[in-house]
Every structure is written in structure tokens, then in C-alpha cells.
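Numbering (the working numbering), first residue to last: 3 to 78. Data first, discussion second: the structure below is written as C-alpha cells.
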């Protein structure tokens, strides 16, 4: 039961990642009021954490958890 609760919490936290940049008052990632003239928002330098980046992060975390669990069961 505890494992299921922790998995649920982890899933909800990972699903909330795309909203992280909006919560940080990031002027470069505001869809309603973008500021492309700001030098800090140069697309060659600035990489927002959007859906694609979040999907890669979530995928990497899930693969790491799966590898850890497989190693743990193999050691037992």
C-alpha cells in the first residue's frame, strides 16, 4: 500500500513538471505575454521546460527506476 501511494505521488509530481516554468514567473515562457525582445529569451540560449523536455525527463526517471528495481530483484 505504501508503494502504491509513493508511486501515485511520484506520478502526480512528474505530471506537474510542465507547469513548473509558469509557476516561476518566467517572462520568456509566458504564452499570454511573450517577451522576445529580452536578450535573456534568446532561443539559441534559452531552453524552456515545456512538454517535450518534461517527457524526456519523466522517461529518463522512469527508466532509471525500472533499472534500479531490476537490479534490486536480481541481487536478491
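The C-beta atom is built at its ideal place from N, Cα and C for all residues, glycine as well.
Helix, strand or coil for residue 18, going by three-state DSSP, please let me know. For this step, residue 18 is matched to residue 16 along the chain shown. Three-state result, residue 18: coil.
Whose CA, out of 41, 72, 67 and 73, lies closest to the CA of residue 12? Here the question's residue 12 lines up with position 10 in the chain shown. That would be 67, whose Cα lies nearest to the Cα of residue 12.
In three-state DSSP terms, what is residue 77? Translated into positions along the chain shown, residue 77 becomes position 75. It is helical.
I need the straight-line Cα distance from residue 62 to residue 43, nearest angstrom please. The residue you call residue 62 lines up with position 60 of the chain shown. The residue you call residue 43 lines up with position 41 of the chain shown. Residue 62 and residue 43: Cα-Cα distance of roughly 27 Å.
Cutoff 6 Å; reference residue 1; Cβ partners in own chain excluding five residues on either side: This structure leaves residue 1 out entirely; the chain is present only between 3 and 78.
Give the straight-line distance between the Cα atoms of residue 6 and residue 54, rounded to the nearest whole angstrom. Your numbering for residue 6 matches position 4 in the chain shown. Your numbering for residue 54 matches position 52 in the chain shown. Taking the straight line from one Cα to the other gives about 27 Å.
Taking Cβ to Cβ, would you say residue 56 is nearer than 9 Å to residue 16? The count along the chain shown starts at 1 and reaches residue 56 at position 54. The count along the chain shown starts at 1 and reaches residue 16 at position 14. Closer than 9 Å, so yes.
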